[in-house]
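So for the sequence shown, my numbering puts the first residue at 96; every next one is plus one. The beta-carbon is built from N, C-alpha and C at its ideal position, and this holds for glycine as well. Worksheet: the structure to be examined is printed underneath.
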Amino acid sequence: MEHNTPAIFCKICFILMEITISAVPYQLLRKTNPEIFLPLPEYFSKIPFEKIKSLMFLYDKDQIEEIKILCNYFSYEINLQIGATPEQMHELLSIKPPKATLSNLQRKDNCLDLLLFKEQIQELLQNFQFPKENLKVRIEADPEQIKTASKLGFSKAELDFAYPFKNEKEFQKFDETIKVAQKMGVFVSFGKGLKLKEIKDILAKFVPDELVVDIPFYQFSFQNGIKYSIDFFDDLKKKF
């Protein structure tokens, strides 16, 4: 019975795990080829989202009106990834998405260094009253970043990390990050940038509170890519 307990616990965590689809790949297609690809509201209204928690979009000033429509008229939750600057926070309060992820849009990985910008972030959070329970921060998978996030009042963090892990040291660092997050009650999200086969592999070791899935752009259609991913997780749940 003792040997089954961890497996049962992991299965429960897997069932409770929220799945968020990143719409950023389609955003890029829409931006570079607006004459070919449908506006965001029209496109995403055609997709059934019963099995996912939310859609994640990246802030883009050229698509702001389309994102506002998504936030105001769609029943599923929109998570808007936005820069941690006063200008961007003004935009955030104007758009009023159900959820938001603070990040550094100047970095390739979009991670916000909380150790470096702790005072600025603290001031930003004081000046702009976006509901903290709906606010997440994108950071490197590092125990110190998690500790700082918790001290700043963040209860949710999206972790960025390289996978597969290059060595045992990197694995241990990620493992410690997850443990610190659990100890401090920080909701953990990860998965962006991972391939489906890599997701399957890492879920055997770590089950996040939320899994963010980048949909690959299949040659037949982005929508089929979403369906493929949802079917993938349905099948994975049966085997987990």
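Residue range 172–178 is occupied by the beta strand (DSSP E) that includes Asn174. The alpha-carbon separation between Gln240 and Arg202 amounts to approximately 16 Å.
Scanning the stretch 212–284 for uninterrupted alpha helix (DSSP H) segments of 4 residues or longer gives 213–222, 238–246, 263–279, listed from N- to C-terminal end. Short of 8 Å from the beta carbon of Ile190, and not among the five residues preceding or following it, lie these beta carbons of its own chain, in chain order: Ile159, Ile162, Lys163, Cys166, Leu175. Contact annotation: Ile116 and Ile294 have beta-carbon atoms that are not nearer than 8 Å.
Between the alpha carbons of Pro129 and Gln277 lies a gap of roughly 43 Å. Between Leu254 and Thr243, the CB-CB gap reaches or exceeds 8 Å.
Between Phe260 and Ala236, the C-beta spacing is not below 8 Å. Judged by DSSP secondary structure, Ile147 falls outside any alpha helix (DSSP H); it is assigned neither H nor E. Between Leu247 and Ile216, the CB-CB gap stays under 8 Å. In this structure, Asp304 is the residue among Ala195, Leu220, Asp304 with its C-alpha nearest to the C-alpha of Lys274.
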